[in-house]
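Take a look at the structure below.
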Amino acid sequence: MQWFDNFFETRSRRAAQSISRRSAVARLGKMLVGTAILLPVLPFDRVGRAIAAEKAAKAKDKRNDDTACEYWRYCALDGFLCTCCGGTISSCPPGTEVSKVTWVGTCHNPNDGKDYLISYNDCCGGVTCNRCGCNFNEGERPGYRMGVHNDINWCMANSSNSYHCTVAAVVGTAEKTKG
Amino acid sequence: MQWFDNFFETRSRRAAQSISRRSAVARLGKMLVGTAILLPVLPFDRVGRAIAAEKAAKAKDKRNDDTACEYWRYCALDGFLCTCCGGTISSCPPGTEVSKVTWVGTCHNPNDGKDYLISYNDCCGGVTCNRCGCNFNEGERPGYRMGVHNDINWCMANSSNSYHCTVAAVVGTAEKTKG
Amino acid sequence: MLAGKIRKIFAGAIIVAASCHVQGEVPIDKLTVLNLPPASPYRLYLSDMVISHFVDSKLMIIDGESLNVIGHVALGMTGHATLTPDRSEILVSTAYMTKLNRGERIGQMDVWDATTLKLKAEINVPPKHSQSFPYRGKIRTSADGRMVFMQNSTPASSVTVVDRVAGKFVTEIATPGCWMIYVPQSVSDRFSTMCGDGTMLTVKLDAEGKALERKKSAKFFDADDDALFTSGAQADDNYTFVSFKGNVQTVNVAGDAAVAEAPWPLATAADVKAGWRPGGYQPVALHEKSGRIFVAMHAKGKEGSHKNPAKEIWAFDLAGKKRIDRAPGHHATVIAASRGDAPKVFAYSTDKSTLSVFNATGKLKHLKTAGPFAEFATQLDVQ
Amino acid sequence: MLAGKIRKIFAGAIIVAASCHVQGEVPIDKLTVLNLPPASPYRLYLSDMVISHFVDSKLMIIDGESLNVIGHVALGMTGHATLTPDRSEILVSTAYMTKLNRGERIGQMDVWDATTLKLKAEINVPPKHSQSFPYRGKIRTSADGRMVFMQNSTPASSVTVVDRVAGKFVTEIATPGCWMIYVPQSVSDRFSTMCGDGTMLTVKLDAEGKALERKKSAKFFDADDDALFTSGAQADDNYTFVSFKGNVQTVNVAGDAAVAEAPWPLATAADVKAGWRPGGYQPVALHEKSGRIFVAMHAKGKEGSHKNPAKEIWAFDLAGKKRIDRAPGHHATVIAASRGDAPKVFAYSTDKSTLSVFNATGKLKHLKTAGPFAEFATQLDVQ
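Protein chains in written order, with this note's numbering: chain A, 6 to 184; chain B, 6 to 184; chain C, 7 to 389; chain D, 7 to 389.
Here it is, written out as structure tokens:
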């Protein structure tokens, strides 16, 4: 599902980079990549800067914490994190099923500097998890661009239309062009 | 419905007074009466006491405000006030129906000094109103005393079991004995 | 039912709880069920998807002057509501699963009496309605009220046509790549829908409601560079939309193909530099009589900020294409305006669940803010 | 389903979104659905009625050490859950309306596999289950797991008996004026229920599960003067209850009629003067091996305070009838304890939606508090 809006502020992102418009992927609209935050060298003599560095370090850690909205793969995710609901980054929680339709984002992996195509599959069935709601609208477009629309239940095509949570699976690397 | 608990503190109540155990009403358990708050004469020379008096005056007003939990008829009500949901003190909101079963409390009317039997009928059907939740547990007992049990949906006997909100209708005066 | 005594049936026993004579000052009440009072021009209809329990979505009816809630309508699973032209009925496009979140999915249009709030009719339709945020345009009637159009998504886009007079499903019309329903007021035999290729598609219907002709407008926007919000403000046959980057686009949907006027910018060059952009779920409202639009605007806008709450509400003279007023935004994501004389502007905040009211007779003047209303509302209609 | 490419079907078209070779460090994921891991003794089952949308109630499964949520089970409309004796299944007493809040009410027992969390069976029962807060005792199995007992309320009280082995409804047993189900562990052919006249009723069943014999205990409590909380803590055939005013009452339910021990007070005279009383929805827990009970206690108690959150948790030696520990209450309204060695005590706060964990090997030692969990939970079971 992709429908949380304004619950969480978008932070630490650099400008959108788009995939070549000529590729099929371009139909999905503008994709975003995550942020590379440059850590300052710790100036131990300045408390203020040390605090700023701590904050940056904390932000950096979250990019590798798959229960945080700032996790690198979640750059275009809008929903509840399955990692907070009994699932993992690519596994649905017990008793649910993987959504049959999905939408795709492009996220930058700060660890290897590469961009990955991420499939945001909803896990469907049962109740809504309602934990760790994250929201990013970059690249989102109204329903006339359904593949990048996030105000809709992506469990709509499953036998149970209940939305539980969203995983973020790597499905390939992205060919990147400057946007 | 009678099931809000600990959301709102019980305030401004004096000790419970019970109805004669021999009457049928006694089967409903111990009933409570509202509070008579004695207003101090305003001592204009003392700010602290003036504030206390203001608070007491405000509390007194609420006893005649049927959208406040402190309204005198709500002394044994636990649910959403229909007066906040498009109903009145004794009328259900449009599109709902009056519950077929109910429970009864005894409340003290500060305006005439008399005790009244109040029927807390739920209004049933549609969605739950979820506004102006009030909670009082005085006289409440577990389900082995169903008539004074408040952890249960009193729309259970209607064609739609949906609980919407609760009214507080005067159904008679209460014969009071010292508890 | 209750006149001096209460019958309480439980544990197999009938208990007469109270049969006392009334000696106090307060008369015995007769329990009743209310109807809605006659509507003022400020009656509000707020659609709440209830994200965490979207099987149980709802419509709240609010008096826009007192901000009292005066009624609710159950919307079922991610239901969408619209009023009939005469305001006598509330029509809901929804679905029910026979066992809450499993079993059979029953698609239907529920018809609610707008005075008693009682269910008048249930019309079976294909179980395809769009399970999405409530927005104006997910369900609309033709100008004469006879035909009802409902947005589907499987996720393939289509429109279900229901004949309200005959009380039955008519047809499903494929609308690939297009979204939301726009109906003219001067004719009743067509609807338009906004397409991802930057056009509008107009579908003309025959007397039964079946698709007769389909015509695309010229391309008038670019969904990549500057997408249009689909929630538009209507005046007769014209819809006025705003774009993510802050352009105004008025489109006439009365013809066989929609015709768009030239776009014009909401923001000056300096405003653009400060990142002022429209935002929210229902970012623009229109008061026809005074020819003004009201837009929810946020600063520091960028790609992805298009649902940010308003920092200010800006008023524009639509004919003059000129800003004439700005007021605090009250975190609004949904803007609506009343009709006729003595207009009011309503600004709902999805984040804060608050509703703010402005007197809009002249300059916007904030009257009050109240809440909470709803869990996650995205659509606000005025009587 | 996904191995390097995604098929996205919308607008009638199939779009291959990604079929690139992986050149990065992160391998392509295979999408899977998890099973629950093998259970630790600290696995928790938290029942949430979800007051504002009680058609959509739920069970949360939480790892009691990490306090991570590891799964959910849909409970339908005000559903009640219990575990089978072998912990292989989760049994749910619930109902579904065919159209959410209207239509036909379907009563049933849902059987969920406790490892896959998949629905294994649906057993039709009369649509009478008690639409009430989840409490232990609204649904229970016999000690051998064969019979399942479900509390009904219409509001007349009765108990539905289901044969889990045969997979069918057996009978409905009237239990007027009585409430909640207590099952012994040494025999499987009976259940007891607590009655408003201060007794317990024991119903003995025949081989099929039908009522054979009904026997009332002697009166052992007074529901007017000092009512017993119905949520008791079980050890073999004994249930230990606390009363509103702070007495402890242990009742043996193995015989043809229940037998109550003499009550004893939790509080000293000084404690009573300070108004210390038990409170909450599940106010008492028991750790059998160490013979201790843990009680949620609030100060300044009075008539009507019996659901107040805990200011402290008190531990008592059950045999010695003596307080041996007190710890901060963390606003608890629901107390549970793990079994066996290295016990932990869990304290859930309905008001704050938080869960606190205590090491209970010796004195209670607070380990952590986390949340929010659930919207309105009132029952907590431990593996």
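Here a beta-carbon is modelled for each residue, glycine too, at the ideal position from N, C-alpha and C.
Check: Using the C-alpha atoms, what's the distance from Trp270(D) back to Arg283(D)?; Outcome: 13 Å
Check: Do Lys124(D) and Ser95(A) have their C-beta atoms within less than 9 Å of each other?; Outcome: no
Check: Is any beta-carbon of chain D found at less than 9 Å from that of Asn69(A)?; Outcome: no
Check: Tell me, please, whether the CB atom of Leu234(C) is closer than 9 Å to any CB atom in chain D?; Outcome: no
Check: Between which two residues does the beta strand (DSSP E) containing Val176(C) stretch?; Outcome: Lys174 to Ala180
Check: CA-CA distance, Lys174(C) and Thr88(B)?; Outcome: 38 Å
Check: Where does Gly377(C) land, buried or exposed, given buried means 16+ other C-beta within 10 angstroms?; Outcome: exposed
Check: Take the Cβ of Asp116(C) as the centre, count every other Cβ of all protein chains shown within 10 Å, and call the residue buried at 16 or more, exposed below.; Outcome: buried
Check: Quick check: what's the CA-CA separation for Ala162(D) versus Gly143(D)?; Outcome: 17 Å
Check: Sort Asp323(D), Ile34(D), Glu381(D) and Asp331(D) by Cα distance to Val176(A) and report the nearest one.; Outcome: Ile34(D)
Check: Counting only Cβ pairs nearer than 8 Å, list the residues of chain C close to Arg146(B).; Outcome: Those within 8 Å of Arg146(B) in chain C number zero; the least Cβ separation is about 13 Å.
Check: How many Å lie between Asp70(A) and Pro98(A) at the Cα?; Outcome: 18 Å
Check: What's the gap between the Cα of Asp54(D) and the Cα of Gln385(D)?; Outcome: 8 Å
Check: In three-state DSSP terms, what is Arg146(D)?; Outcome: strand
Check: Note down, in chain order, all residues in the stretch 112-136 of chain A with a beta-carbon under 8 Å from any beta-carbon belonging to chain C.; Outcome: Gly130, Gly131, Val132, Thr133 and Asn135
Check: Buried or exposed: Ser167(A), going by 16 or more other Cβ atoms within 10 Å of its Cβ?; Outcome: buried
Check: How many angstroms separate the CA atom of Gly285(C) from the CA atom of His304(C)?; Outcome: 7 Å
Check: Report the residue from Ser344(C), Leu207(C) and Lys308(C) whose alpha carbon sits nearest the alpha carbon of Tyr51(C).; Outcome: Ser344(C)
Check: Return the chain-ordered list of same chain residues with a C-beta closer than 6 Å to the C-beta of Cys170(B), the five sequence neighbours on each side being excluded.; Outcome: Phe85, Cys87, Cys90, Cys128 and Cys134
Check: Rounded to whole angstroms, what's the CA-CA distance from Met153(C) to Ile112(C)? Just pull it up for me.; Outcome: 21 Å
Check: Assuming Leu97(C) contacts Thr147(C) (C-beta within less than 8 Å), just tell me the rounded distance between them.; Outcome: 7 Å
Check: Using 8 Å for Cβ pairs, my map puts Thr208(C) next to Val167(C). What's the rounded Cβ distance?; Outcome: Rounded, the Cβ-Cβ distance is 14 Å, inconsistent with contact.
Check: Quick one: does Val28(D) have its CB under 9 Å from some CB of chain B?; Outcome: With a pLDDT of only 44 at Val28(D), under the threshold of 50, the placement of this residue in the model should not be trusted; the figure read from the coordinates follows. By this cut-off, Val28(D) is not an interface position.
Check: By the criterion of Cβ-Cβ separation under 8 Å, what are the contact partners of Ser165(A) in chain C?; Outcome: Met103, Asn107 and Arg108
Check: Please report the straight-line C-alpha distance between Glu178(D) and Phe197(D), rounded to a whole angstrom.; Outcome: 13 Å
Check: In chain A, which residues lie with their C-beta within 7 Å of the C-beta of Ile34(D)?; Outcome: Val175, Val176 and Gly177
Check: Which of the three DSSP states, helix, strand or coil, is assigned to Ala171(D)?; Outcome: Here the sequence assigns Val to residue 171(D), which means Ala is not the residue at that position. Coil, per DSSP.
Check: If we ignore side chains and look at the alpha-carbon of each, how far apart do Cys137(A) and Ala73(A) end up?; Outcome: 8 Å
Check: Tell me which same chain residues have a C-beta within less than 7 Å of the C-beta of Asp62(C), skipping the five on either side of it?; Outcome: Val56
Check: If you run the structure through DSSP and keep just helix, strand and coil, what is His154(B)?; Outcome: coil
Check: Of all the options Ala266(D), Lys251(D), Gly310(D) and Lys126(D), which has the alpha carbon lying nearest to the alpha carbon of Val171(D)?; Outcome: Lys126(D)
Check: For a contact meaning CB atoms closer than 7 Å, what does His304(C) contact in chain A?; Outcome: What His304(C) touches in chain A: nothing, since even the nearest Cβ is about 10 Å away.
Check: In chain A, which residues lie less than 7 Å from Trp185(C) when you measure between Cβ atoms?; Outcome: Pro147, Gly148 and Tyr149
Check: Would you mind listing the alpha helix (DSSP H) stretches within the stretch 267-347 of chain C that are 4+ residues and don't spill past its ends, in chain order?; Outcome: 275-279
Check: Quick one, are the C-beta atoms of Ile68(C) and Arg49(C) less than 9 Å apart?; Outcome: yes
Check: With Gln240(C) as the anchor, note down where its beta strand (DSSP E) starts and where it stops.; Outcome: Ala239 to Ala241
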